[in-house]
Structures are given as structure tokens and as C-alpha cells.
Amino acid sequence: MAVPRDVYRAVSASFPTGVVIVTTLDEAGQPKGLLNQTFVGLSTDPPLMLVSIDKTSRTLPHLQQHGAFVINFLREGSEDLATLFASKVDEKFSGVRWAPSPQARGAAILRDASIAYAACVVTRTIEAGDHWIFIGSVEAGEVFGGAPLMYYRRSFAAWPEKRPAPPVEGA
Numbered sequence: 001m002a003v004p005r006d007v008y009r010a011v012s013a014s015f016p017t018g019v020v021i022v023t024t025l026d027e028a029g030q031p032k033g034l035l036n037q038t039f040v041g042l043s044t045d046p047p048l049m050l051v052s053i054d055k056t057s058r059t060l061p062h063l064q065q066h067g068a069f070v071i072n073f074l075r076e077g078s079e080d081l082a083t084l085f086a087s088k089v090d091e092k093f094s095g096v097r098w099a100p101s102p103q104a105r106g107a108a109i110l111r112d113a114s115i116a117y118a119a120c121v122v123t124r125t126i127e128a129g130d131h132w133i134f135i136g137s138v139e140a141g142e143v144f145g146g147a148p149l150m151y152y153r154r155s156f157a158a159w160p161e162k163r164p165a166p167p168v169e170g171a
């Protein structure tokens, strides 16, 4: 028997994650997007990234139709934008500066709010429980710098003080 939903959510919330906004375009060429914590750097050869989208997401049908997306890795101080993109508001891009990604067929790059982005073209989709998994070929990306916005136990947080990790060989 599966663990109860509340226990599953509490366990999942115990893992700190970075925060990303996944963007795509609708049929009219208008930007759509959502907040997401289920990003995975899947493969380096070929370069692949993965996002998982809830089946009830308003952005889901647009991503399925468009076939391309941008993963915007949010910087600390972007909590208001993260909260907006976590909501069900229709016009999330009103007043938000963005640039179209040619490699992701025009999906929005949120340069002002991000430490980096990856422009992806969908190579595979997988239905998994109450989500759809999108695997994207990374066609472009850029690192802007800065500290990431983090999420832990349903709260936003800043990256803690930097401490270099010890070298690891053969892991």
C-alpha cells in the first residue's frame, strides 16, 4: 500500500530544491509558464533535461502542443515572481520582461529573474501518475550568475554561505 498523500508531501518537502519557471507558448504565440521544482539534469551526452508537469496545470496543454520550453533557474530575490507563476492567474506575463528563445521556438527567457536558463525541444513525453514528464534536448543555454532561489518545506530561502565540496574521484 502506498504512503498517505500528506506523508508523501511532507517527505518530498524535506528535500531542498532550486526553483525554476518553465515557459512555453500557446497557439497564438503568447507566453505561458509555471513554477516548478521537478527539474532534472538528465544527461550530458546528449544534453537532456527533464521537467514534470501536473496534469491539472493550465500550462500543460500549451507545452504539449508547442513541443519546446525554457527552464529559467530563478535567482534569490525572485520570490514575488515565483509566487505569481505558482498561481492560477491567467496573465502571468503582464509586466514581466522576457525575451523569446529562438532555439525553444519563442518560449520566454526571464533574464532579469534568472541565474541561468536552458532552451529545450521536447524529445519524449511520459505519463507518470498525476503528472506528465517532458524530456527536452538542450539546444541553448546561458549562465548569468548570482545566487539561486531555493525552496524547502514550503518556504523560499536564499542559498546558504558557500563552502567548497571536497574533491571526489571515480564516484
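Using the numbering used here, the letters of the sequence shown map in sequence onto residues 1 to 171.
Heads up, the beta-carbon is just placed ideally off N, CA and C, and yes, glycines get one too.
In whole angstroms, what is the alpha-carbon distance linking residue i and residue j?
{"i": "P100", "j": "N72", "result": "12 Å"}
{"i": "R5", "j": "L63", "result": "27 Å"}
{"i": "I109", "j": "S78", "result": "14 Å"}
{"i": "L25", "j": "S57", "result": "14 Å"}
{"i": "E169", "j": "Y151", "result": "30 Å"}
{"i": "P160", "j": "F39", "result": "20 Å"}
{"i": "E127", "j": "I53", "result": "10 Å"}
{"i": "E27", "j": "G33", "result": "14 Å"}
{"i": "K88", "j": "S155", "result": "19 Å"}
{"i": "E142", "j": "Q103", "result": "12 Å"}
{"i": "V7", "j": "A13", "result": "10 Å"}
{"i": "F15", "j": "Q37", "result": "10 Å"}
{"i": "C120", "j": "P167", "result": "31 Å"}
{"i": "A147", "j": "P164", "result": "15 Å"}
Would you mind working out which of the options sits nearest residue i, comparing C-alpha positions?
{"i": "T125", "options": "R9, L60 and Y152", "result": "L60"}
{"i": "S137", "options": "A2, V51, L25 and E27", "result": "V51"}
{"i": "A118", "options": "R9, L48, A10 and S12", "result": "L48"}
{"i": "L35", "options": "S12, A104 and V70", "result": "V70"}
{"i": "L149", "options": "K92, S14, K162 and S114", "result": "S114"}
{"i": "H9", "options": "R153, V89 and A165", "result": "Correcting the residue type first, residue 9 is Arg in the shown sequence and not His. Answer by Cα proximity: R153."}
{"i": "P46", "options": "E27, A147, A140 and S155", "result": "A140"}
{"i": "G95", "options": "C120, S155, P31 and K162", "result": "P31"}
{"i": "A86", "options": "Q65, P164 and T23", "result": "T23"}
Alpha helix (DSSP H) containing residue i: first to last residue?
{"i": "T38", "result": "Per DSSP, T38 belongs to no alpha helix (DSSP H) and is neither H nor E."}
{"i": "F172", "result": "For the chain, the structure presents residues 1 to 171; residue 172 sits outside this window and is missing."}
{"i": "L110", "result": "That residue, L110, is in no alpha helix (DSSP H); it is neither H nor E in DSSP."}
{"i": "S52", "result": "No alpha helix (DSSP H) contains S52, which is instead part of the beta strand (DSSP E) from P47 to D54."}
{"i": "Q65", "result": "L60 to H66"}
Using C-beta distances below 6 Å, list every residue in its chain close to residue i, excluding the 5 sequence neighbours before and after it, in chain order.
{"i": "V122", "result": "G67, F134 and G136"}
{"i": "A158", "result": "E76"}
{"i": "R97", "result": "D112"}
{"i": "F93", "result": "P31"}
Can you find the residues in the same chain that come closer than 8 Å, C-beta to C-beta, to residue i, ignoring five residues on each side of it along the sequence?
{"i": "L42", "result": "L48, M49, L50 and I135"}
{"i": "G145", "result": "I115"}
Can you list, in chain order, the residues of its chain with a C-beta nearer than 7 Å to that of residue i? Leave out the 5 residues immediately preceding and following it.
{"i": "G106", "result": "L25, G29 and P100"}
{"i": "H131", "result": "S52, I53, D54 and K55"}
Just to confirm the assignment, what range does the beta strand (DSSP E) spanning residue i have?
{"i": "S12", "result": "Not the beta strand (DSSP E): S12 falls in the alpha helix (DSSP H), residues R5 to A13."}
{"i": "A157", "result": "S155 to A158"}
{"i": "M1", "result": "Note, M1: premise wrong, no beta strand (DSSP E); not H, not E."}
{"i": "A140", "result": "H131 to V143"}
{"i": "V20", "result": "V20 to L25"}
Count Cβ pairs between the region 77-95 and the region 16-24 that sit closer than 8 Å; are there 3 or more? yes
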